[in-house]
Amino acid sequence: MTRTGPNFDIETDAGRWIRHPIAGSDEAGRGPLAGPVVAAAVVLDPTRLPYGIDDSKKLSQKRLEEAYAEITAHALGYAVAMVSAADIDRINIRQATLQAMREAVLALPRFPGLVLFDGRDVPPGLPCKGRAIIQGDAKSLSIAAASIIAKVRRDLHMKELATRFPGYGFETHAGYGTAFHLKAIAELGPTTEHRMTFAPLKPRPVPAPAPAQIDLFERLGS
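The sequence shown stops at residue 221 when you use numbering that gives the first Met the number 0, and every number in between is there.
Printed below as a string of structure tokens:
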């Protein structure tokens, strides 16, 4: 029977020339209008691999929680890092994501020899080698495991924010721009956890008046 979904082949091949452990890293929360971006880094135990997992976006809530428990119970090490909405606004979501990934790697109990990252970028300032893999959560078991950890931890954080900011529904949509969320923002206004550089929260620039309008305003003021 052919196994589908992510596997450990990339890690196994890299292990032939990397002596130290190999980690995977992924993020959750790049697109929401509210809340932090969360990254996880994980080193799986090659003798206790959590097969049957997949990209976190493809799993049911029940399976997510089961996979999270299995991964965190048997991993050789894992860490989670968050970058706040305020910092996302300050440095942009791409830089915030790279910062969260780097901080998660640095927080591992032991530095790996190589980190596999989902996406196109390797964060700067790593204490080890890094490799970016496009759609890595569908290819690498370590990246898929990291995506699950990041997703579950971010969802838990958004549920905590829901108790601080009732009425926005953070516990159900996790900060994404659902119709309910947009309606709540319109009625209640944004919170300190909203990303003010994200549309539709970002103020639209007021277009400069056309030359004819300027001339009219000058004549009216004279």
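Using N, Cα and C, we set each Cβ at its ideal position, and we do this for glycine too.
| Item | Value |
| --- | --- |
| Would you list, in sequence order, the uninterrupted alpha helix (DSSP H) runs of no fewer than 4 residues that lie entirely inside the stretch 29-89? | 60-73 |
| When you compare the stretch 52-68 with the stretch 191-203, are there three or more beta-carbon pairs, one atom per stretch, that lie closer than 8 Å? | no |
| Please state whether the Cβ-Cβ distance between ILE21 and LEU125 is less than 8 Å. | no |
| Where ARG119 and ALA40 are concerned, what is the direct C-alpha to C-alpha distance, given to the nearest angstrom? | 16 Å |
| Assuming ARG18 contacts GLY112 (C-beta within less than 8 Å), just tell me the rounded distance between them. | 6 Å |
| Quick one: what does DSSP say ASP154 is sitting in, helix, strand or coil? | helix |
| Nearest CA to the CA of ALA131: which residue from PHE7, PRO5, ASP25? | ASP25 |
| On the premise that PRO5 lies in contact with ILE234, defined as a C-beta separation below 8 Å, what is that separation, rounded to the nearest angstrom? | Since the displayed the chain opens at 0 and closes at 221, residue 234 lies outside it and no answer follows. |
| Tell me the DSSP secondary structure of GLY112 in three-state form. | coil |
| Contact check, ILE147 vs SER55 under 8 Å by CB: the rounded distance? | 5 Å |
| Counting along the chain, where does the alpha helix (DSSP H) carrying ASP8 start and finish? | 8-13 |
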